[in-house]
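Be aware that the sequence shown starts at 0, since it is given in numbering that gives the first Met the number 0, and climbs by one per residue.
Heads up, the beta-carbon is just placed ideally off N, CA and C, and yes, glycines get one too.
Only a predicted model underlies this, so the values are computations on that prediction, with no experimental measurement involved.
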Amino acid sequence: MPADTDTAPAAVTGPARRSPAPWVLMYHSVTEFTDPAEDPYGITVTPAALEAQLLWLRARGLRGVGVGELLRARAAGRGRGLVGLTFDDGYTDFLTRALPLLRRHDCTATLFVLPGRLGVDNVWDPLGPRKPLLTAEQIREVAAAGQEIGSHGLLHQDLTAAPDDVLQQELRGSRELIRELTGTLPDGFCYPYGHLDARVVEASRAAGYDYACAISPGRLTGRHALPRTHVSQADGAARLRVKRLRHQVRELRGRVLR
Numbered sequence: 000m001p002a003d004t005d006t007a008p009a010a011v012t013g014p015a016r017r018s019p020a021p022w023v024l025m026y027h028s029v030t031e032f033t034d035p036a037e038d039p040y041g042i043t044v045t046p047a048a049l050e051a052q053l054l055w056l057r058a059r060g061l062r063g064v065g066v067g068e069l070l071r072a073r074a075a076g077r078g079r080g081l082v083g084l085t086f087d088d089g090y091t092d093f094l095t096r097a098l099p100l101l102r103r104h105d106c107t108a109t110l111f112v113l114p115g116r117l118g119v120d121n122v123w124d125p126l127g128p129r130k131p132l133l134t135a136e137q138i139r140e141v142a143a144a145g146q147e148i149g150s151h152g153l154l155h156q157d158l159t160a161a162p163d164d165v166l167q168q169e170l171r172g173s174r175e176l177i178r179e180l181t182g183t184l185p186d187g188f189c190y191p192y193g194h195l196d197a198r199v200v201e202a203s204r205a206a207g208y209d210y211a212c213a214i215s216p217g218r219l220t221g222r223h224a225l226p227r228t229h230v231s232q233a234d235g236a237a238r239l240r241v242k243r244l245r246h247q248v249r250e251l252r253g254r255v256l257r
């Protein structure tokens with residue numbers, strides 16, 4: 000199965016939010032399709048839809064950047080006008096379809112890849128359709144284009160169900176493989192399926208990641224449980240306005256709790 004795009008992560012414990020989380024958008028695949036049956040999990044947008052969404056952001060004074068850049072800018076007081084863009088799984092269409100549009104609109108993004116599944120496909124999605132994943136050379140090409148490369152684990156496993164040794168390999172092993180691929184240790188991690196708990200969050204922090212992305216807000220908070228807003232083919236201007244408003248309400252609540 001793909002990421003759980005509509006439900007909160009299985010967080011079982013955690014403090015109240017002390018500071019508002021940044022607005023981070025979550026994408027997966029960018030390719031042409033016309034039949035909704037070709038996108039059973041709602042994780043694909045067409046290039047035209049992605050471009051319209053980027054234009055919507057720019058019209059509101061927002062520019063998409065990778066999560067690492069976004070967090071650094073916020074820490075320096077320069078985060079105004081920035082929104083995080085993330086693409087999960089590392090499909091080849093990021094290189095062929097998404098990257099040209101990001102460049103056209105002066106955006107960057109974080110691409111979360113699976114170094115244990117280079118050049119194969121999304122076998123974890125039983126309903127398909129099969130989508131090819133980037134090769135090692137293609138990941139290097141993406142990194143050379145100024146995009147942030149983060150880890151999505153080795154094999155796209157539910158880490159909350161993984162024994163400790165597997166959890167460590169998924170976190171630390173994938174980080175080291177990405178360093179071998181790109182020459183840089185990744186700062187960011189993305190939990191497969193959006194599943195996380197206190198053990199997994201602490202393990203991601205201990206593995207050296209500066210931040211980690213979840214999906215929906217849960218009781219676990221902070222830099223290693225960053226919520227994101229899922230963006231789909233259906234998200235035109237009206238739906239994006241609603242999603243931005245939801246984030247702004249959460250941000251206001253976070254400021255009140257601080």
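Runs of the beta strand (DSSP E) lying entirely within the region 59-94, each at least 3 residues long, are 62-64 and 81-88 in chain order. In this structure, the CA atom of Thr-107 is about 15 Å from the CA atom of Val-29. Residue pairing of Pro-131 in beta bridges, as defined by DSSP: Asp-120. The closest CA to that of Ala-236, considering only Pro-21, Ala-224 and Ala-58, is found on Ala-58. Note that the region 65-81 does not touch the region 111-122; fewer than 3 beta-carbon pairs, one per stretch, sit closer than 8 Å. DSSP, read as helix, strand or coil, puts Tyr-192 in helix.
Ser-150 is not a Cβ neighbour of Pro-191, given a cutoff of 7 Å. Excluding sequence positions up to five before and after Pro-216, its CB lies within less than 6 Å of the CB of Pro-226, all in the same chain and listed in chain order. For Val-230, the three-state secondary structure derived from DSSP is coil. Here the region 19-37 makes no contact with the region 201-211; the two share fewer than three CB pairs at distances below 8 Å.
Using a 10 angstroms sphere on the CB of Gln-146, the tally of other CB atoms reaches 16 or more, which defines it as buried.
In the three-state DSSP reduction, Ile-148 falls in the strand class (E or B). Leu-225 sits in a strand when the DSSP states are folded into three classes.
Look at Gly-235 here: in three-state DSSP terms it is coil, with no helix or strand label. The beta carbon of Glu-250 lies closer than 6 Å to those of Pro-19 in the same chain, with the five residues before and after it left out.
By the criterion of a C-beta distance shorter than 8 Å, Arg-102 is surrounded in its chain by Ala-144, once the five residues flanking it on both sides are discounted. Annotation for Gly-60: Gly-80 place their beta carbon closer than 6 Å to its own, counting only its chain and skipping 5 residues before and after. The Cβ atoms of Leu-170 and Ala-202 sit closer than 7 Å to each other. Look at the region 164-210 and you find these whole runs of alpha helix (DSSP H), each 4 residues long or longer: 173-181 and 197-205. For Leu-100, the three-state secondary structure derived from DSSP is helix.
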